[in-house]
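K.L.:
2 protein chains.
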Amino acid sequence: MPIEGRRRVAVEDVHPTVNAGRFAAKRVVGETVQIRAAVYADGHDHVRARIIYRHEHDGEWRYTDMRSMGNDLWEGEFVPAGVGLWFFRIEGWIDHFDTWAADLSKRISAQLGVLADPQLGGTSSPAGQDIPLALATGAKLLSKLSIENSGVDAGLLQEFARSLQRLSESRVTLTETPVTGEWLEVVRRNPDLRFSTQTSEFLLRVDRKRALYSTWYEFFPRSAAHADRHGNLYDAARLIPSLAQAGFDVLYLPPIHPIGLSFRKGKNNNVQAAPDDVGSPWAIGSLHGGHTAIAPELGGFREFDELIRTAEQYGVEIALDIAFQCSPDHPWVKSHPDWFIVRPDGSIQYAENPPKKYQDIYPLNFESDDWRNLWGELSEVFLFWVKRGVKIFRVDNPHTKALPFWEWCIGKVQRSHPDVIFLAEAFTRPHLMYGLAKLGFTQSYTYFTWRNTKEELVSYLEEITSEPVCEYFRPNFWPNTPDILPFSLQKNQRSVFIHRAVLAATLTANYGIYGPAFELMESRPLREGSEEYYESEKYQIREWNRDAATSLMPILTTLNKIRAEHSALQQNRSLRFHKVDNPDLLCYSKREHEDLVLVVVNLDPTHVQSGWTELDMSVLGLDADGTFECRDLLQDGRYTWNGPRNFVRLDPQICPAHIFHVRRSLSGPGGIL
Amino acid sequence: MPIEGRRRVAVEDVHPTVNAGRFAAKRVVGETVQIRAAVYADGHDHVRARIIYRHEHDGEWRYTDMRSMGNDLWEGEFVPAGVGLWFFRIEGWIDHFDTWAADLSKRISAQLGVLADPQLGGTSSPAGQDIPLALATGAKLLSKLSIENSGVDAGLLQEFARSLQRLSESRVTLTETPVTGEWLEVVRRNPDLRFSTQTSEFLLRVDRKRALYSTWYEFFPRSAAHADRHGNLYDAARLIPSLAQAGFDVLYLPPIHPIGLSFRKGKNNNVQAAPDDVGSPWAIGSLHGGHTAIAPELGGFREFDELIRTAEQYGVEIALDIAFQCSPDHPWVKSHPDWFIVRPDGSIQYAENPPKKYQDIYPLNFESDDWRNLWGELSEVFLFWVKRGVKIFRVDNPHTKALPFWEWCIGKVQRSHPDVIFLAEAFTRPHLMYGLAKLGFTQSYTYFTWRNTKEELVSYLEEITSEPVCEYFRPNFWPNTPDILPFSLQKNQRSVFIHRAVLAATLTANYGIYGPAFELMESRPLREGSEEYYESEKYQIREWNRDAATSLMPILTTLNKIRAEHSALQQNRSLRFHKVDNPDLLCYSKREHEDLVLVVVNLDPTHVQSGWTELDMSVLGLDADGTFECRDLLQDGRYTWNGPRNFVRLDPQICPAHIFHVRRSLSGPGGIL
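Here the protein sequences line up with chains A and B, keeping their order. All the letters of the first sequence, read from the start, carry residue numbers 448 to 1120 under the numbering used here. All the letters of the second sequence, read from the start, carry residue numbers 448 to 1120 under the numbering used here.
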């Protein structure tokens, strides 16, 4: 038998939850957390429910009532006041007084009906409702609530009870209920929770806004110098004003640590490096140090601090790439050989994907007997850079490190620095990608890079913006990365670069590009059939003509400005696709309060495409046949549209997309925005 | 930090589970339990998974391997050997030897490729695969497995290790992998589980087959006599042979306990009973006793035992109706007044739904301070009748009793008597109905009684035969009950009675009728707009002409025979609807191994309806354009059909349904059955 068998209320199907409460759902500060649950009990007694919640560092619980939405579903919300981990439970209980009050009204109506029509009667006779006895029952309920209540309302409850008791004894014929709104309010704030049911605790990770809405620009500092010189962190800092001006708010640098010499890769990933080859920044560690050192050719900590200061000054952030792997020259190889796999001949196992070999990289062995010290040291790497002012980390290949490590490490860092953001650079199987997000990664790379057709884009976006995925997986869309020059971008078609940027920037609130390769439309692969860049910056310094007339920077700047000015584009939850009768035209909307953005993209790189939309007017919050104004934020046109069917025509040679700001037309009777 | 941080495998999304393991999924003995889960780890190491399971009374765990279905999904199954509660977990681990063996094959192929074409090379050079070192690594892995293994395979593993070591030292050029199927098999049965991940325990309630497939007939024993005499349990027993002959296997009696005198209801629910009125069997308790007594007018325990014996003899079971409520004359009212709600005037609260009053019924108060003794006594009622040979209970209005009570009570009864079946008679809101099923009820009444149109039937059946509902909710379809003469049956249309019986008998594996009202097509309601029967047996004895020429018993007998002969109709899992281009024609199939049944029902009570099917041939397991034979089990016709489109025509005046047994045609190239 349970300890208390009188907990009659069941609470089920709580949303948002991830793996039934095993992991945290994610929100950002200021975002309303809408909570839903099924709350029900046996019989016909009235049920109530509330949310109990607190911040991890807050000793006291807060409460907010839930509302019945019918069919035993309840809803409530709260707005988390700060970043960090929040806990919530749902509590449900029987409200006997409310049940009694509703019954009393029915009794009085029935009694009045009988008085009016004494013929009424029969099997469901409302006669003899015995209202005095009902009133006495109510008085008893209130009196009990008053006794259990030690607060300021005890006297009020006792007063209501006495008033009901007097009415009961007076035998006056009531024509309406004596229960006032005030009574119900006082009772409601003094619930009888003796037999209430509480769920277990559910988790909510609340991040700062940049976790949900951010605009990334990745570049190699060593290519940041003009002329044929090795760029450094000063050069990188000099790029900040223009990148900030273009609307990028996260500037992300590939690893800045000392690069190994042993088995250093040459240009175009050649196994033989020339003496002046600079090596891959992901071959981390040399006699100059490892993950907490800076490559001397990039500068030192003075330059680094300057970089951070400049970024702060321009309201942007520096994101570092943390790649937990070592070159054979990394200090850990000597100090902690047991953190690596030792082969039967005593050598350390390099990275392999047979038959491919990566002899310049030693992977860490997460099955090491010394895993505790390994975990500790890795977590200290993050904390080291956090102390240097870095709050955003792009984590390289997290899917090749033990999953329990990430849960522990991210938890540890965020416990003392809840504003730290981790982006998971995992391009792997769906369960593993989603698993990393559940374990704590704030944002995630996605399959967007390879989703090109309308069908592919709709199906993928619907998957990641619906429950349960949208509760924990925050997509960050990249049209390219230093590792991926997708086939779609290998034809040097300006329209494709633009429409991929438009898709990335408007389908999700987090997006990024690897530049200047992107805005300068770098299109040449290492060889046909490969997605590697030719003359990849991973292995050599590149000189870029950042001021080229053909640069896409102006249009990226416009895109970023549109994002900044439209809160609809700063979240993913409201994304909805609309039908268009042309398979090359993709149409979708996003809406946040008053702000409504409608996007149409022509996915065909070469041909003009046109078609008729079939807008879901209720999704847009517009009358079914309303007139509304579409102002194109990209091309500056203005259109008056009407109802769901409207004609669109996009010439990829001019501009492959409309980004409409939609407003109810001033002239027509139109929509409701 | 966790105690063991090297558990790299994650196991998620386990099916079947109910509320993430809080409740048991349901199966019957002999049914295969198909278990699915997502099992994955970081990186590229090979993963394995198995199911660990045991019966509640079995101290030892059993194991069965799962298979990879791709995309990190794994599947396995076991067949529970007995009724009762079963527990299962999923265990996942890294198989380092398997990973190594696969890599070795790739190395050997690459090496051979290099030997054949020494030009091959470059950045992903397969040259220098260092196979001797790889062989030594394999030897080390096997040697480690051998050391950890204390069983009979330790020697074998050591032998394999030595053999690899010898190969490694011999420097022979391998042209194929030395790893044999036998090696893999031996390694597979000696998994290295040091860092394995186990899920928490999931529950499975395994019932006997009748929980899933049963055919109920409800009747009032007091109307079982011929002539105008009060029928008794002997009379009831005399009906058994013919009901068993008609294919019913559960004969269910309304409460057989002593009926209260106070506030006894008269005929047609009249508040004034005449002196010879027999009262409602649901007003339980008199000076003759309560829930463990038999109404004297029905006989005594000798008659009851005889009834049970006769049922056993004919292979059918007696189901009792347990209604936990009391007449004012019930012994508990005196012995345990604290089990009821006492009103301010000292009287006991009768049942009410204001303004309606049910003064002949006292509900039990599950918020009583003495709830422990109340629970105990109620559970003893079930155990009392179990000892008398009853193994099936139809529980009256379980949704008006505290939910935690049912979980405890059903658990207690089934712990000692795992073959006991509980049918929940709850017609209430969906969450509460499903909640009762989760808490332990074996079968449940449903909304079928009010689902009449094609759209209503398809949507309801799809809901209850899909996950998650199908995992715990076993529907029992009733076209009528003593409480419900649905409007659809109030027009005395033979075709409607027949098609409702066909739907009930073929849509779900559990169905029942309340007779003889059903087979004699009793159609008159208490008054227009009411679903109560006129001259309801709830309040009076009825005399029935069971041999009437118009009785539907012959067609019910045929239906029950079809069910008995077709295993496809003895389960619900395979139910699928097929399109027909006529909204009055409903078409669906069920399939179990070789047995395939296809049903077409005309829902229009008066008009001939015809149309073309659009069969989902893959659901039927037939070739897309295959020819197949449909033998009508109801009307004895035979049709040769071809492909998805076939013409059907049903005249409700002749027979409103086809129940086809489908077989691959002998002549055509056809299907695969």
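All residues carry an ideal CB built from backbone N, CA and C; glycine is no exception. As the structure is a computational prediction, the values presented were derived from the model and not from experiment.
Is ALA581 of chain B buried or exposed, if buried means 16 or more other CB atoms sit within 10 Å of its CB?
P.N.:
Taking the second sequence and counting its residues from 1, one reaches residue 581 of chain B at position 134. Under this definition ALA581 of chain B is a buried residue.
K.L.:
Relative to chain A, which residues along the segment 622-643 of chain B have a C-beta separation below 8 Å, given in chain order?
P.N.:
Listed by position along the chain: PHE642.
K.L.:
Can you tell which of A:CYS1034, A:SER977, A:TYR981, A:TYR961 has its C-alpha closest to the C-alpha of MET1000 of chain A?
P.N.:
One-based indexing of the first sequence puts residue 1000 of chain A at position 553. Comparing Cα-Cα distances from MET1000 of chain A to each of A:CYS1034, A:SER977, A:TYR981, A:TYR961, the minimum goes to A:TYR961.
K.L.:
Just list the residues that DSSP pairs LYS1037 of chain A with in beta bridges.
P.N.:
Within the first sequence, the letter at position 590 stands for residue 1037 of chain A. DSSP, once it has assigned bridges, lists A:VAL1044 as partnering LYS1037 of chain A.
K.L.:
Threshold first: 3 residues or longer. Then list the beta strand (DSSP E) segments lying entirely within the segment 666-731 of chain B, N to C.
P.N.:
List check, beta strand (DSSP E) in window: 697-700.
K.L.:
Indicate whether at least one CB of chain A lies closer than 8 Å to the CB of LEU734 of chain B.
P.N.:
Here the question's residue 734 of chain B lines up with position 287 in the second sequence. For LEU734 of chain B, the answer is no, since every Cβ of chain A falls outside 8 Å of its Cβ.
K.L.:
Establish whether the CB of GLU814 of chain A and some CB of chain B are separated by less than 8 Å.
P.N.:
Position 367 of the first sequence, counting from 1, holds the residue named residue 814 of chain A. Yes, GLU814 of chain A lies at the interface with chain B (some Cβ there is under 8 Å from its Cβ).
K.L.:
Please list, in chain order, all residues of the same chain as ARG971 of chain B whose beta carbon is under 7 Å from its beta carbon, the five residues on each side excluded.
P.N.:
As a first step, residue 971 of chain B is located in the second sequence; it is residue number 524 there, counting from the start. Cβ within range, chain order: TYR981.
K.L.:
Helix, strand or coil for GLU478 of chain B? Go by DSSP, reduced to three states.
P.N.:
In the second sequence, counting from the first residue as 1, residue 478 of chain B sits at position 31. It is coil, neither helix nor strand.
K.L.:
So, does the segment 1025-1039 of chain A touch the segment 1053-1060 of chain A, judging by three or more C-beta pairs under 8 Å?
P.N.:
Yes, the segment 1025-1039 of chain A touches the segment 1053-1060 of chain A.
K.L.:
How is the alpha helix (DSSP H) around ASP862 of chain B delimited, first residue to last?
P.N.:
Here residue 862 of chain B refers to the residue found at position 415 when the second sequence is read from its first residue. According to the sequence displayed, residue 862 of chain B carries Arg and not Asp. Counting along the chain, the alpha helix (DSSP H) containing ARG862 of chain B begins and ends at 850-863.
K.L.:
State the CB to CB distance for the pair ASN1007 of chain A and GLY762 of chain A, rounded to an integer number of angstroms; the pair is presumed to be in contact (CB under 8 Å).
P.N.:
Residue 1007 of chain A sits at position 560 when you count from the first residue of the first sequence. Residue 762 of chain A sits at position 315 when you count from the first residue of the first sequence. Wrong, their Cβ atoms sit about 13 Å apart, outside the cutoff.
K.L.:
Report back the beta-carbon spacing between GLY713 of chain B and SER733 of chain B to the nearest angstrom; my notes put them in contact at under 8 Å.
P.N.:
Within the second sequence, the letter at position 266 stands for residue 713 of chain B. Within the second sequence, the letter at position 286 stands for residue 733 of chain B. Actually they do not touch by this definition, with Cβ atoms about 17 Å apart.
K.L.:
Cutting at 8 Å between CB atoms, please list the residues of its own chain near GLU648 of chain B, excluding the five before and the five after it.
P.N.:
For this step, residue 648 of chain B is matched to residue 201 along the second sequence. Correct list, in chain order: GLY468, PHE534, PHE535, ARG536.
K.L.:
Can you find the residues in the same chain that come closer than 6 Å, C-beta to C-beta, to TYR1126 of chain B, ignoring five residues on each side of it along the sequence?
P.N.:
As shown, chain B starts at 448 and ends at 1120. That puts residue 1126 of chain B outside it, with no answer to give.
K.L.:
Are there 16 or more other CB atoms within 10 angstroms of the CB of LYS985 of chain A, so buried, or fewer, so exposed?
P.N.:
The residue you call residue 985 of chain A lines up with position 538 of the first sequence. So LYS985 of chain A counts as buried.
K.L.:
Please go through the same chain and pick out, in chain order, the residues whose beta-carbon is closer than 7 Å to the beta-carbon of LEU908 of chain B, but skip the five residues on each side of it.
P.N.:
Position 461 of the second sequence holds residue 908 of chain B. Counting only Cβ-Cβ distances below 7 Å, and skipping sequence neighbours, we find LEU954, LEU1022.
K.L.:
Bridge partners of GLU764 of chain B, per DSSP?
P.N.:
Residue 764 of chain B sits at position 317 when you count from the first residue of the second sequence. Paired residues: B:VAL697.
K.L.:
For a test of the three-state rule: what should DSSP assign to HIS878 of chain B, helix, strand or coil?
P.N.:
Reading the second sequence from its first residue, position 431 is the one you call residue 878 of chain B. In this structure, HIS878 of chain B counts as helix in the three-state DSSP scheme.
K.L.:
Is the beta carbon of THR893 of chain A less than 8 Å from the beta carbon of PRO933 of chain A?
P.N.:
Locating residue 893 of chain A in the first sequence gives position 446, counting from the first residue. Locating residue 933 of chain A in the first sequence gives position 486, counting from the first residue. No; because the gap between Cβ atoms is not below 8 Å, this pair is not in contact.
K.L.:
Mapping DSSP to helix, strand and coil, what is LYS985 of chain B?
P.N.:
Mapped onto the second sequence, residue 985 of chain B falls at position 538. Coil, per DSSP.
K.L.:
For ILE450 of chain B, is the classification buried or exposed, using 16 other Cβ atoms within 10 angstroms of its Cβ as the cut-off for buried?
P.N.:
Within the second sequence, numbered from 1, the residue matching residue 450 of chain B stands at position 3. Exposed, since its Cβ has fewer than 16 Cβ neighbours within 10 Å.
K.L.:
Tell me which residues of the segment 821-853 of chain A have at least one Cβ-Cβ distance to chain B shorter than 7 Å, keeping chain order.
P.N.:
Residues TRP822, HIS846, THR847, LYS848, ALA849, LEU850, PRO851, PHE852.
K.L.:
Tell me the DSSP secondary structure of GLN576 of chain B in three-state form.
P.N.:
Indexing the second sequence from 1 puts residue 576 of chain B at position 129. Note: GLN576 of chain B maps to coil in three-state DSSP.
K.L.:
With DSSP collapsed to three states, give me the class of ARG635 of chain A.
P.N.:
Position 188 of the first sequence, counted from the start, is the residue given in the question as residue 635 of chain A. Helix, per DSSP.
K.L.:
Ignore the nearest five residues each way along the sequence and tell me which others in PRO722 of chain B's own chain have a CB closer than 7 Å to its CB.
P.N.:
Residue 722 of chain B sits at position 275 when you count from the first residue of the second sequence. Cβ within range, chain order: n/a, list empty.
K.L.:
List the residues of chain B that TYR919 of chain A touches, going by C-beta distances under 9 Å, in chain order.
P.N.:
In the first sequence, residue 919 of chain A corresponds to position 472, counting from 1. Result: empty, since nearest Cβ-Cβ is about 12 Å, beyond 9 Å.
K.L.:
Would you kindly work out how many angstroms separate the C-alpha atoms of ILE498 of chain A and GLY523 of chain A, rounded to a whole number?
P.N.:
Locating residue 498 of chain A in the first sequence gives position 51, counting from the first residue. Locating residue 523 of chain A in the first sequence gives position 76, counting from the first residue. About 7 Å.
K.L.:
Ordered along the chain, which non-local residues of its own chain (more than five positions away) have a Cβ less than 7 Å from that of ALA758 of chain B?
P.N.:
The count along the second sequence starts at 1 and reaches residue 758 of chain B at position 311. Taken in chain order, the residues that qualify are ILE687, LEU698, GLU764, ILE765.
K.L.:
Would you mind working out which of B:PRO801, B:PHE667, B:PRO915 sits nearest ALA742 of chain B, comparing C-alpha positions?
P.N.:
If you number the second sequence from 1, residue 742 of chain B lands on position 295. Checked all of B:PRO801, B:PHE667, B:PRO915; the closest Cα to ALA742 of chain B is B:PHE667.
K.L.:
Please report the Cβ distance between ILE1133 of chain A and LEU1080 of chain A, rounded to the nearest whole angstrom; I am assuming they are in contact, meaning their Cβ atoms lie under 8 Å.
P.N.:
Residue 1133 of chain A is absent from the model: chain A starts at 448 and stops at 1120.
K.L.:
Comparing the C-beta of LEU686 of chain B with each C-beta of chain A, is any distance below 8 Å?
P.N.:
What you label residue 686 of chain B is simply residue 239 of the second sequence in a count that begins at 1. LEU686 of chain B does not count as touching chain A.
K.L.:
Cutting at 7 Å between CB atoms, please list the residues of its own chain near ALA608 of chain A, excluding the five before and the five after it.
P.N.:
Locating residue 608 of chain A in the first sequence gives position 161, counting from the first residue. Closer than 7 Å at the Cβ level, and outside the excluded window around ALA608 of chain A, lie ALA586, LEU589, SER590, SER593.
K.L.:
Would you say VAL465 of chain A faces chain B, with C-beta separation under 8 Å as the test?
P.N.:
To locate residue 465 of chain A, count along the first sequence from 1; it is residue 18. Closer than 8 Å: no.
K.L.:
Ignore the nearest five residues each way along the sequence and tell me which others in VAL1109 of chain A's own chain have a CB closer than 6 Å to its CB.
P.N.:
Taking the first sequence and counting its residues from 1, one reaches residue 1109 of chain A at position 662. Within the same chain, VAL1109 of chain A has close Cβ partners LEU1043, LEU1045, PHE1075, CYS1077.
K.L.:
What number of angstroms, rounded off, separates the C-alpha of ARG862 of chain A from the C-alpha of PHE751 of chain A?
P.N.:
In the first sequence, counting from the first residue as 1, residue 862 of chain A sits at position 415. In the first sequence, counting from the first residue as 1, residue 751 of chain A sits at position 304. Approximately 26 Å between the Cα atoms of the pair.
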